[in-house]
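Okay, so here's the structure we're looking at.
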Amino acid sequence: MRFKINEIGDGGLPVNVSVTTEWLAAACPDIDVRPAPDGLRFTGQITPAGDDYLLRGELRGDLETPCARCLEPALLHVDVPMTTTFVPAGTEDASDEEDEDADPDVVTFKGGEIDLSDELRDAIVLAIPFNPLCDEACRGLCPLCGGNRNLVPCTHAAASPKTPGGLAALGKIKL
Ligand SMILES: [Zn+2]
Ligand SMILES: [Zn+2]
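Take the sequence shown: its position 54, counting from 1, is numbered 52 in our numbering, and each next residue is one higher.
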């Protein structure tokens, strides 16, 4: 995910990186997510602009993360445009400091290397919804028997707290 700026020519450097399961696990240790079998890939270009470097491209592919209801893998399609300006560390003037919060797409780099890791990680984290679902209609796990109600029809569905309680039913029988 690192690119040496002395390898970036005047015409720019094409970037084509694949997000691997290992990289993603290391970058997002707190999130249960991995690239889907078809993979996730960033394609774009780093272009010099004075002392700065402009990264432009797209993060595209699929991720897998557990469904919030049934815990089976939920497929997330990712198609995120990315634009970031890399500014050499130590050259930012005072006005940049004021803008720091206003312009999150400007980051500094040092050591003659541009590292895309943080940008890719942030884009991936933002692409994961709060409640990822394998399907909008996912029935989830049964709170009583723990079965996956998408796979096994489960009679406990009728016993959910929203339906009238068992006492009312008993009363009807006695009447
Ligand atoms: Zn589900
Ligand atoms: Zn059940």
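Cβ coordinates follow ideal geometry from the N, Cα and C atoms, glycine included.
Ligand 1 never approaches L22 closely enough for any of its heavy atoms to be under 7 angstroms from the residue's Cβ. Between G59 and P33 a beta carbon distance of about 7 angstroms is seen, short of the 8 angstroms cut, so the two are scored as contacting.
Looking at the backbone, the Cα of G9 and that of Y51 are separated by about 12 angstroms.
A straight-line Cα-Cα distance of about 8 angstroms links I29 and A23. For the pair of segments examined, the region 100 to 117 was found not to touch the region 64 to 78: the number of CB pairs separated by less than 8 angstroms stays below three. In the displayed model, L118 falls within a helix according to three-state DSSP. Of the heavy atoms belonging to ligand 2, none sits nearer than 7 angstroms to the Cβ of C68.
For a cut-off of 8 angstroms, the C-beta gap from I3 to G88 is around 14 angstroms, too long to register as a contact. Contact residues of ligand 2 (beta-carbon closer than 6 angstroms to any heavy atom; chain order) are C140, L142, C143, G145, C152 and H154. A distance of 8 angstroms or more separates the beta carbons of L124 and F40.
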